[in-house]
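Structure record follows, encoded as structure tokens.
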Amino acid sequence: TAYTPYQPEISQGRLEALINFQTMVTDLTGLEIANSSLLDEATAAAEAMTLCHRALPRNATANVFFVSDQVHPQTIAVVRTRAEPFGFKVVVGDYADYDFAEPTFGVLLQYPATNGDIHDYRAFAEKAHAAGALVVAATDLLSLVMLTPPGEWGADVALGNSQRFGVPMGYGGPHAAFFATKDEYKRIMPGRLVGVSVDATGKKGYRLTLTTREQHIRREKATSNICTAQVLLAVMASMYAVYHGPVGLKRIATRVRLMTAVMAAGLKQLGYTVNDGPVFDTLTIRGGRRQDIELRGAALAHEINLRYYDDGAVGLALDETVTLADLEALFAVFGAKEGEIDINTLADSVNLAYEEPFRRSSDFMTHPVFNSYLSETEMMRYIKRLENRDISLVHSMIPLGSCTMKLNAAAEMLSITLPGFASLHPFVPLDQAQGYQELFHNLESWLKEITGFAGCSLQPNSGAQGEYTGMLTIRAHQIARGEGNRNVCLIPASAHGTNPASAAMAGMEVVVVATDDNGNINVEDLRAKAEQHRDRLSALMVTYPSTHGVYEESIGQICKIIHDNGGQVYMDGANMNALVAVCRPGDFGPDVLHLNLHKTFSIPHGGGGPGMGPICVAEHLTPYLPNHPVVPGVGGAEALGTVSAAPWGSASILPIPYAYIAMMGEWGLRVATEIAILNANYIAEKLEPHYPVLYRGLNGRIAHECIVDPRHLKDTAGVTAEDITKRLMDFGFHAPTLSFPVPGTLMIEPTESESLEELDRFIDAMIKIREEIREIEEGRMDRENNP
2 TAYTPYQPEI SQGRLEALIN FQTMVTDLTG LEIANSSLLD EATAAAEAMT
52 LCHRALPRNA TANVFFVSDQ VHPQTIAVVR TRAEPFGFKV VVGDYADYDF
102 AEPTFGVLLQ YPATNGDIHD YRAFAEKAHA AGALVVAATD LLSLVMLTPP
152 GEWGADVALG NSQRFGVPMG YGGPHAAFFA TKDEYKRIMP GRLVGVSVDA
202 TGKKGYRLTL TTREQHIRRE KATSNICTAQ VLLAVMASMY AVYHGPVGLK
252 RIATRVRLMT AVMAAGLKQL GYTVNDGPVF DTLTIRGGRR QDIELRGAAL
302 AHEINLRYYD DGAVGLALDE TVTLADLEAL FAVFGAKEGE IDINTLADSV
352 NLAYEEPFRR SSDFMTHPVF NSYLSETEMM RYIKRLENRD ISLVHSMIPL
402 GSCTMKLNAA AEMLSITLPG FASLHPFVPL DQAQGYQELF HNLESWLKEI
452 TGFAGCSLQP NSGAQGEYTG MLTIRAHQIA RGEGNRNVCL IPASAHGTNP
502 ASAAMAGMEV VVVATDDNGN INVEDLRAKA EQHRDRLSAL MVTYPSTHGV
552 YEESIGQICK IIHDNGGQVY MDGANMNALV AVCRPGDFGP DVLHLNLHKT
602 FSIPHGGGGP GMGPICVAEH LTPYLPNHPV VPGVGGAEAL GTVSAAPWGS
652 ASILPIPYAY IAMMGEWGLR VATEIAILNA NYIAEKLEPH YPVLYRGLNG
702 RIAHECIVDP RHLKDTAGVT AEDITKRLMD FGFHAPTLSF PVPGTLMIEP
752 TESESLEELD RFIDAMIKIR EEIREIEEGR MDRENNP
């Protein structure tokens, strides 16, 4: 239930877990630096593509990104979608035939390939580098225990999905993607980085580093729009590695390799053709005793799902949970008679060692953390020690403005542990996922009713992804109308940093709109810029209530100005906790809205993810909702493309908002909104005598959050907003949002979950801090040596 670790003093536990994750990834991939997670493998590949382009010399004109046809289809689809607004040309084909005739800035390879083959990419990597292209490897962490790491055969970037390190499949997510690269690219890589630093007393500590790359600082010039990532899942994967260590991982990988080798040998004995070269866990099978309909029927009879290719080939993949009984069932599916295949004899005959150049020779995970906690007792204590170094909702209120750190109720959370939700593969036939499909249908219907929109997509797996998807939906609609020239996006100066970063990713030119002295959009400046760019105006991105914590009375007028000038209105739903069941965005003008289910609808933040950012759209945008290349029936008839690896994003956490809405009902949702607003106004009134409250609406009230302004205290006492946040830690509180949207201020959002007693405890702490500052002002406390 913790937030992103922006405050290192109260985040040392999960920061250490994340640096374990980064260390594990760099060791296994053979590269120099890794981030602390991305959303999924497909979006990580898209991020790698943009890194390759940013790495080009300033005068370079290369515009082609090559993708091997042996990359997973969902990854290819997401890369194509990401490339189109940037104007990149994506070429998909056989890597062995690619000649770099067109200026190419990067290549994407799968290692092992989607059909299971393990290729020697060394010569191709040299060829790519000679042509000025960077090499990206989408890979499998467990296979790298045995295989030569990508960094050792020439890859500049390695990425993938850490799901198999102890995380359920969950019908597609959430899982932590990993992303590693060379040190020279660290300033253009996406995602958060955890680094080692020292505190004021010289003690070692962890903190987020190189944050100037990120959207909350660089906005439309950021390396990525990534904000919420998959921290909780990265922590899980890192703990899997800590518990098993290098020896345990080798044992697991060897078991997977053995099962696959036995399967391959047995299938050959049955007359099937399998992969010619080395494999790890995946086989592609052709010919043999049973084909097509007969084989599918046999597989269904044994309740086994296989991968069926368009050309008649069949694919299967094994993991460490596969048993001898599973192998026997698989052989039966492929037509083996009882006793025909002797698994033990096959196991004794297969050779598990990889030959050069595929065999890994380098050590990995030699750090003591991966070799010290190998019993459950020691592991339990290590995790508890880390937890004790963090502040989360189990300790106290987290009053972060624009973050909605509300209760994540046990009744909502229980559902995600159920095997029916946790154990499902994202590409199973839809008739095997009817429970999930009913849940999706109901949740989409509820979200549409709550927001007042006609369509909904659950595919975006973070709020920033929702922004990006919403903007692509607008872009697709305008292109379909012959208005592809519309590429100007108006964004208020006070917008979240993800807004301009997402607009830039959608191919938009960002034009900033001024705000007035009350924190509202300057309507006249908006009107002037909308009219100035009338012929190219694509959209306005607006947050409502505003990032200043007030309901802008002019929101209807703002939407009309944009529509009158040919544009669409995208609404950032970060502050929906002030609207649910009170008013519907679809009724006052926006065309598309994203929701943060990890804010408004009770999914925990996980220390920086997982999140979910579904979009709701007006009727005219429904044809453009994202589709999926593997699962049919997803999205609109003229879909914008694919934005996430899985068709319904991080599906396994959707039971949480489903349970939240179902149990609250319309009345409960309305009361929650009213109490959230009441709590925020209570804090504002109590703090006003001690700290100025910056913005209020026309009725003198605020929405669900308030901004307090301590900037004058720097002159009177040498105390800044940051000093106040540090002092709050001594009272056991996480700080409010610091310096957003107004530099030098604090934004406070209590949510409806906090009791009057907890609100008063926070207020008392803030007043006590103000009294200490007054002592400094009056000379009764030293200006430098004070709390």
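Each residue of the sequence shown is one higher than the last, beginning at 2 in the working numbering.
No residue lacks a Cβ here, since even glycine has one placed at the ideal position from N, Cα and C.
Would a C-beta distance cut-off of 8 angstroms place Val93 and Ala47 closer than the cut-off?
-> For the purposes of this step, residue 93 is taken as residue 92 along the sequence shown, with counting starting at 1. For the purposes of this step, residue 47 is taken as residue 46 along the sequence shown, with counting starting at 1. Against a cut-off of 8 angstroms, the Cβ pair of Ala47 and Val93 comes out as no contact.
Cβ-based neighbour list, Glu750, same chain, cut-off 7 angstroms, excluding 5 preceding and 5 following = By one-based count along the sequence shown, residue 750 stands at place 749. Here the set comprises Pro400, Leu401, Gly402, Ser403, Cys404, Thr405, Ala681, His705, Glu706.
Compute the distance between the beta-carbons of Ala43 and Ser645, then report whether it is under 8 angstroms.
-> Residue numbering aside, residue 43 sits at position 42 when the sequence shown is read from its first letter. Residue numbering aside, residue 645 sits at position 644 when the sequence shown is read from its first letter. Yes, the pair counts as a contact, with Cβ atoms nearer than the cut-off.
Span separating the alpha-carbon of Val395 from that of Pro605 = Sequence index remark: in the sequence shown, residue 395 carries index 394 (1-based). Sequence index remark: in the sequence shown, residue 605 carries index 604 (1-based). Roughly 12 angstroms between the two C-alpha positions.
Contacts around Gly436, its chain only, beta-carbon distance under 7 angstroms, and the 5 residues preceding and following it disregarded = Start at 1 with the first residue of the sequence shown, and residue 436 comes out as number 435. Closer than 7 angstroms at Cβ, skipping near neighbours: Gly421.
DSSP three-state assignment for Ile703, whether helix, strand or coil | Here the question's residue 703 lines up with position 702 in the sequence shown. Three-state result, Ile703: coil.
Reduced DSSP secondary structure (H/G/I, E/B, other) of Thr746 | What you label residue 746 is simply residue 745 of the sequence shown in a count that begins at 1. Coil, per DSSP.
With burial defined as no fewer than 16 other Cβ atoms inside 10 Å of the residue's Cβ, what is the status of Asp391: buried or exposed?
-> Stepping through the sequence shown from its first residue, residue 391 is reached at position 390. Per the 10 Å Cβ criterion, buried.
Quick one: residues in its chain with C-beta nearer than 8 angstroms to the C-beta of Asn523, no 5 flanking neighbours on either side, listed in chain order?
-> In the sequence shown, residue 523 corresponds to position 522, counting from 1. Once the five neighbours on either side are set aside, the close Cβ partners of Asn523 are Val514, Ala515, Thr516, Asp517.
If you drop the 5 nearest sequence neighbours on each side, which residues of the same chain put their C-beta closer than 6 angstroms to that of Ala640?
-> The residue labelled residue 640 in the question sits at position 639 within the sequence shown. For Ala640, where only same-chain residues beyond five positions count, the Cβ hits under 6 angstroms are Pro627, Asn628.
Between Leu29 and the rest of its own chain, which residues show a CB-CB distance below 8 angstroms, the 5 nearest in sequence each way excluded?
-> Here residue 29 is taken as the residue at index 28 of the sequence shown, counted from 1. Hits under 8 angstroms: Leu142, Leu145, Val146, Pro150, Phe365, Met366.
Segments of 3+ residues assigned as beta strand (DSSP E) that fall wholly inside the region 723-777 | 747-749
What are the boundary residues of the alpha helix (DSSP H) that Val197 is part of?
-> If you number the sequence shown from 1, residue 197 lands on position 196. Not the alpha helix (DSSP H): Val197 falls in the beta strand (DSSP E), residues 194-199.
Can you give the Cα-Cα distance for Leu328 and Gln433, rounded to whole angstroms?
-> As a position in the sequence shown, residue 328 is number 327, starting the count at 1. As a position in the sequence shown, residue 433 is number 432, starting the count at 1. When rounded, the distance between both Cα atoms is 22 angstroms.
Quick one: Cα of Gly174 to Cα of Asp41, how far?
-> On the sequence shown, residue 174 is found 173 positions in, with the first residue counted as 1. On the sequence shown, residue 41 is found 40 positions in, with the first residue counted as 1. Each residue's Cα considered, the two are about 8 angstroms apart.
Over what stretch of residues does the alpha helix (DSSP H) that includes Ser350 continue unbroken?
-> Translated into positions along the sequence shown, residue 350 becomes position 349. Per DSSP, Ser350 belongs to the alpha helix (DSSP H) from 344-350.
Find the nearest neighbour of Phe371 within the set Thr721, Pro247, Gly278, judged by alpha-carbon distance.
-> The count along the sequence shown starts at 1 and reaches residue 371 at position 370. With distances taken between Cα atoms, Phe371 lies closest to Pro247.
Exposed or buried, which one is Thr643 when buried takes at least 16 other CB atoms within 10 Å?
-> Counting from one through the sequence shown, the residue named residue 643 turns up at place 642. Thr643 is buried by the Cβ-count criterion.
Would you mind sorting Glu379 into buried or exposed? The rule is 16 or more other CB atoms within 10 Å of its CB.
-> What you label residue 379 is simply residue 378 of the sequence shown in a count that begins at 1. Burial call: exposed.
What are the partner residues of Met542, as DSSP defines its beta bridges?
-> Position 541 of the sequence shown, counted from the first residue, corresponds to residue 542. DSSP, once it has assigned bridges, lists Tyr571 as partnering Met542.
Do we get a CB-CB distance below 8 angstroms when we pair Arg165 with the residues of chain D?
-> In the displayed structure, chain D is absent; only one protein chain is listed.
Asp98 by DSSP, collapsed to three states: which one?
-> Position 97 of the sequence shown holds residue 98. The answer is helix: DSSP assigns Asp98 an H, G or I state.
For the beta strand (DSSP E) containing Arg697, list its first residue and its last residue.
-> The residue labelled residue 697 in the question sits at position 696 within the sequence shown. Neither: Arg697 is in no beta strand (DSSP E) and is coded neither H nor E.
Can you say whether Met577 is buried or exposed, counting buried as having 16 or more other CB atoms within 10 angstroms of its CB?
-> Looking up residue 577 in the sequence shown gives position 576. Result: buried.
Are the CB atoms of Ile657 and Glu321 nearer to each other than 8 angstroms?
-> Locating residue 657 in the sequence shown gives position 656, where the first residue counts as 1. Locating residue 321 in the sequence shown gives position 320, where the first residue counts as 1. Contact flag unset, no.
As assigned by DSSP and simplified to three states, the class of Phe125 | On the sequence shown, residue 125 is found 124 positions in, with the first residue counted as 1. In this structure, Phe125 counts as helix in the three-state DSSP scheme.
Using a threshold of 8 angstroms, state whether the C-beta atoms of Glu773 and Pro788 are closer than that.
-> Here residue 773 corresponds to residue number 772 of the sequence shown, with the count starting at 1. Here residue 788 corresponds to residue number 787 of the sequence shown, with the count starting at 1. In this structure, Pro788 lies closer than 8 angstroms to Glu773 by Cβ.
Out of Ala663, Thr548, Gly587, which has the shortest C-alpha to C-alpha gap to Pro744?
-> Position 743 of the sequence shown, counted from the first residue, corresponds to residue 744. Nearest C-alpha to Pro744: Thr548.
When the Cα of Thr140 is compared with those of Ala181, Gly171, Phe101, Ala126, which residue comes out closest?
-> On the sequence shown, position 139 is the one that residue 140 refers to. Cα-wise, what sits closest to Thr140 is Ala181.
Measure the Cβ-Cβ separation of Phe332 and Gly288 and say whether it is below 8 angstroms.
-> The count along the sequence shown starts at 1 and reaches residue 332 at position 331. The count along the sequence shown starts at 1 and reaches residue 288 at position 287. No, the pair does not count as a contact, with Cβ atoms beyond the cut-off.
In this structure, what does DSSP give as the bridge partners for Thr285?
-> In the sequence shown, the residue the question calls residue 285 occupies position 284. Answer is Gly316.
Is the number of C-beta pairs between the region 477-490 and the region 614-628 that are closer than 8 angstroms three or more?
-> yes
Counting only runs that start and end within the region 42-101, where is the beta strand (DSSP E) found for 3 or more residues in a row?
-> 65-69, 90-94
Three or more beta-carbon pairs under 8 angstroms between the region 260-278 and the region 47-63, yes or no?
-> no
Distance between Ala314 and Gly634 (C-alpha atoms, nearest Å) | Residue 634 sits at position 633 when you count from the first residue of the sequence shown. Residue 314 sits at position 313 when you count from the first residue of the sequence shown. Rounded to the nearest angstrom, the two C-alpha atoms are 23 angstroms apart.
Leaving out five residues before and five after Tyr659 in sequence, what residues of the same chain have Cβ atoms less than 6 angstroms from its Cβ?
-> Numbered from its first residue, the sequence shown carries residue 659 at position 658. For Tyr659, where only same-chain residues beyond five positions count, the Cβ hits under 6 angstroms are Leu440, Leu444.
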